[in-house]
Amino acid sequence: MEEGNHSVVTEFILLGLTDRPELQVPLFVLFLLIYVTTLICNGGMILLITIDPQLHTPMYFFLRTLSFCDFCCSTVIAPKMLQTFFAERKSISRTACAVQMYFFLVCIDIECLLLAVGLVDAMMLTCCTFQLSFCRSNIINHFSCDIPPLLVLSCSDTRIIEIMMFASTCYIIVISSVTILLSYVYIISAILQIHSAEGRYKAFSTCSSHLSTVVIFHGTLIFMSLRPSSSYSMDTDKIASVFYTMVIPMLNPLIYSLRNREVKDAVKKAMNNLLVN
1 MEEGNHSVVT EFILLGLTDR PELQVPLFVL FLLIYVTTLI CNGGMILLIT IDPQLHTPMY
61 FFLRTLSFCD FCCSTVIAPK MLQTFFAERK SISRTACAVQ MYFFLVCIDI ECLLLAVGLV
121 DAMMLTCCTF QLSFCRSNII NHFSCDIPPL LVLSCSDTRI IEIMMFASTC YIIVISSVTI
181 LLSYVYIISA ILQIHSAEGR YKAFSTCSSH LSTVVIFHGT LIFMSLRPSS SYSMDTDKIA
241 SVFYTMVIPM LNPLIYSLRN REVKDAVKKA MNNLLVN
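Position 198 of the sequence shown, counting from 1, maps to 198 under the UniProt record's numbering, and the rest follow consecutively.
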């Protein structure tokens, strides 16, 4: 089918994480374990917060939302990624590619605490990307449908969407970073008022765990979106993508919730109820 002087691309081919045959099985097992762990931890956290009345507080409402977002983020990316390790034809339709990109961008924006703006942002970037003409190739050098590898395939002028992506990333990162910094000003001032040295240590320990996740998540987004185009590398892009699509969703419930005494008590109570029944 022709559109003007260019053929219309109806499907894309995903090259996957690597083309080395000896790495296919080990990487499949590794990412399958990460995905299953992510589903169990985040799904368990959602269920636990839902059924335990003591966890029906605003803080745990947001933790449940975060777990749901991580659950969805991994589920949007992981199944197709795992398929590419063994499938002979690693194809994805144009529509499926757009759907995957949209829901992944929504999840990322929600994690940056910008739900209302994030939905508009994701829709705008997805629609603009798939308004482009793809005439160079239909082979995506990636394990998912992401904007940078799709722009490489386009024969249209991509400057507008690149500017939009840069502005969107700056806006999201600046707003979420300012929110986090202001929160930590209040948190640190509250911690310094704790008289017990042990209490201050526990509080700072919890904060350090949270900060480590924030640094990994925001650092990866900043690295991928704000680096100069001259230093762009698809292999580096794949490695960075693994962190915020697979690793961080697995770590979030462990860092944010399972170190919390109230959550531990709720888990013990739920396990005891299961054993009794």
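C-beta atoms are modelled at their ideal positions from N, C-alpha and C, and glycine is treated no differently.
Query raised in the report: Would the beta-carbon of Val-247 fall within 8 angstroms of that of Ile-108?
Result: Here residue 247 corresponds to residue number 247 of the sequence shown, with the count starting at 1. Here residue 108 corresponds to residue number 108 of the sequence shown, with the count starting at 1. Contact flag unset, no.
Requested in this report: Look up Ser-91 in the DSSP assignment and give the residues it is bridged to.
Outcome: For this step, residue 91 is matched to residue 91 along the sequence shown. In DSSP, Ser-91 forms a bridge with Ile-13.
Report task. Determine the contact status of Cys-145 and Gln-100, defining contact as a CB-CB distance below 8 angstroms. Result -> Numbered from its first residue, the sequence shown carries residue 145 at position 145. Numbered from its first residue, the sequence shown carries residue 100 at position 100. Contact: yes.
Query raised in the report: If you drop the 5 nearest sequence neighbours on each side, which residues of the same chain put their C-beta closer than 7 angstroms to that of Leu-115?
Result: Locating residue 115 in the sequence shown gives position 115, where the first residue counts as 1. Low confidence applies here, because Leu-115 scores a pLDDT of 41, under 50, leaving its location unreliable and the question unanswered by this model.
Report task. May I ask you to report which of helix, strand or coil DSSP gives Phe-28? Result -> Residue 28 sits at position 28 when you count from the first residue of the sequence shown. In the structure shown, Phe-28 sits in a helix (DSSP, three-state: H, G or I).
Query raised in the report: Alpha carbon to alpha carbon, how far is Leu-274 from Val-263?
Result: As a working mapping, residue 274 is identified with position 274 in the sequence shown. As a working mapping, residue 263 is identified with position 263 in the sequence shown. So the alpha carbons of these two residues sit roughly 16 angstroms apart.
Report task. Look up Ile-222 in the DSSP assignment and say whether it is helix, strand or coil. Result -> Within the sequence shown, numbered from 1, the residue matching residue 222 stands at position 222. Here Ile-222 sits in helix by DSSP.
**Report entry** Through-space distance from Cys-73 to Ile-161, alpha-carbon basis
**Finding:** Here residue 161 refers to the residue found at position 161 of the sequence shown. Here residue 73 refers to the residue found at position 73 of the sequence shown. Taking the straight line from one Cα to the other gives about 23 angstroms.
Requested in this report: Inspect the beta-carbon positions of Leu-82 and Phe-31 and report whether they are closer than 8 angstroms.
Outcome: Working through the sequence shown from its first residue, we reach residue 82 at position 82. Working through the sequence shown from its first residue, we reach residue 31 at position 31. Taking 8 angstroms as the Cβ cut-off, Leu-82 and Phe-31 qualify as a contacting pair.
Report task. Might you give, ordered along the chain, the residues of its own chain that have their beta carbon closer than 6 angstroms to the beta carbon of Val-117, omitting 5 neighbours on each side? Result -> Along the sequence shown, one-based indexing puts residue 117 at 117. Low per-residue confidence applies at Val-117: pLDDT is 44, beneath 50, and the placement is therefore not dependable enough to give any value.
Requested in this report: Can you tell me which of the three DSSP states Phe-243 falls into?
Outcome: Start at 1 with the first residue of the sequence shown, and residue 243 comes out as number 243. Reduced to three states, the DSSP call for Phe-243 is helix.
Query raised in the report: Cβ atoms of Ile-51 and Phe-68: under 8 angstroms apart, would you say?
Result: On the sequence shown, position 68 is the one that residue 68 refers to. On the sequence shown, position 51 is the one that residue 51 refers to. No, Cβ-Cβ distance for Phe-68 and Ile-51 is not below 8 angstroms.
**Report entry** Given Leu-15 as reference, the closest of Ser-183, Met-234, Val-214, His-142 once Cα atoms are compared
**Finding:** Taking the first residue of the sequence shown as position 1, residue 15 is located at position 15. Closest by alpha carbon: His-142.
Query raised in the report: Mind checking Asn-42: buried by the 16 CB within 10 Å criterion, or exposed?
Result: Residue numbering aside, residue 42 sits at position 42 when the sequence shown is read from its first letter. So Asn-42 ends up on the buried side.
Report task. Starting from the Cα of Leu-151, find the closest Cα among Ser-133, Leu-251, Ser-168 and give me that residue. Result -> Translated into positions along the sequence shown, residue 151 becomes position 151. Nearest option by C-alpha distance: Ser-133.
Report task. Within its chain, find whatever has a CB closer than 6 angstroms to the CB of Ile-140; leave out the 5 residues flanking it on each side and keep chain order. Result -> To locate residue 140, count along the sequence shown from 1; it is residue 140. Answer for Ile-140: Phe-12, Leu-14, Pro-149, listed in chain order.
Report task. Would you kindly check if the distance between the Cβ of Thr-10 and the Cβ of Met-137 is under 8 angstroms? Result -> Within the sequence shown, residue 137 is the residue found at index 137, counting from 1. Within the sequence shown, residue 10 is the residue found at index 10, counting from 1. Checking the sequence, you will find Ser at residue 137 rather than Met. It is not a contact, given that the beta carbons lie outside the stated cut-off.
**Report entry** Three-state class that DSSP yields for Ser-176 in the structure shown
**Finding:** Taking the sequence shown and counting its residues from 1, the one referred to as residue 176 is at position 176. Three-state DSSP puts Ser-176 in a helix.
Requested in this report: May I ask you to report which of helix, strand or coil DSSP gives Phe-134?
Outcome: Position 134 of the sequence shown, counting from 1, holds the residue named residue 134. Of the three classes helix, strand and coil, the one that applies to Phe-134 here is strand, per DSSP.
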